[in-house]
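In mature numbering (1 follows the signal peptide of the UniProt record, and there is no 0), the protein residues as written are -19 to -1, 1 to 96. Quick notes on the structure that follows.
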C-alpha cells in the first residue's frame, strides 16, 4: 500500500528530467561540424567548405547547399499540400538581376520533369 504513493512521488519528481529534449544530432557538413578528410588549408577555389543545411517544420522542409560560404541552391519541399518541390534561386550579390525593391528572395523555379 505504501509503494503506490512512493511511486507516484518519484514519478512526479522525475517528470521534469524526462521532459528535457535531447540535443540534436549534427547534420554532416553542417556549420560547426568538421568535415572528414578536409585538411586545414587556406580557402581557394579547389578547397572550399561544403555545408548542407536542412530546416524542417510542420509545413515544409528547406535544404540549402553552401559552398565556400555562398548559397548555391535552396530546395523547398512542402509537406502539407500536394505541391511539388521547388527551388529558390539565390541572388548572386552584384550580379543579381534588377528587380523591384519589394522582392527580397530570389525567383522560384519548379522542375516539371527530371531526366
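Glycine included, each C-beta is placed from N, C-alpha and C at the ideal position.
Using the C-alpha atoms, what's the distance from residue j back to residue i?
i, j, result
"residue 70", "residue -1", "40 Å"
"residue 47", "residue -4", "38 Å"
"residue 36", "residue -7", "34 Å"
"residue -14", "residue 50", "56 Å"
"residue 76", "residue 63", "Its pLDDT being 48, under 50, residue 76 is placed unreliably by the model, and nothing is read from it."
"residue 52", "residue 88", "14 Å"
"residue -12", "residue 28", "58 Å"
"residue -16", "residue -9", "11 Å"
Please say whether residue j and residue i have beta carbons closer to each other than 9 Å?
i, j, result
"residue 33", "residue 45", "yes"
"residue 61", "residue 42", "no"
"residue 39", "residue 54", "no"
"residue 91", "residue 65", "yes"
Using a Cβ-based criterion (distance less than 8 Å to any ligand heavy atom), does residue i qualify as near the ligand ADP?
i, result
"residue -9", "Absent from the structure shown: the ligand ADP. Ligands present: none."
Which residue or residues does DSSP assign as beta-bridge partners of residue i?
i, result
"residue 31", "48"
"residue 42", "37, 58"
"residue 89", "69"
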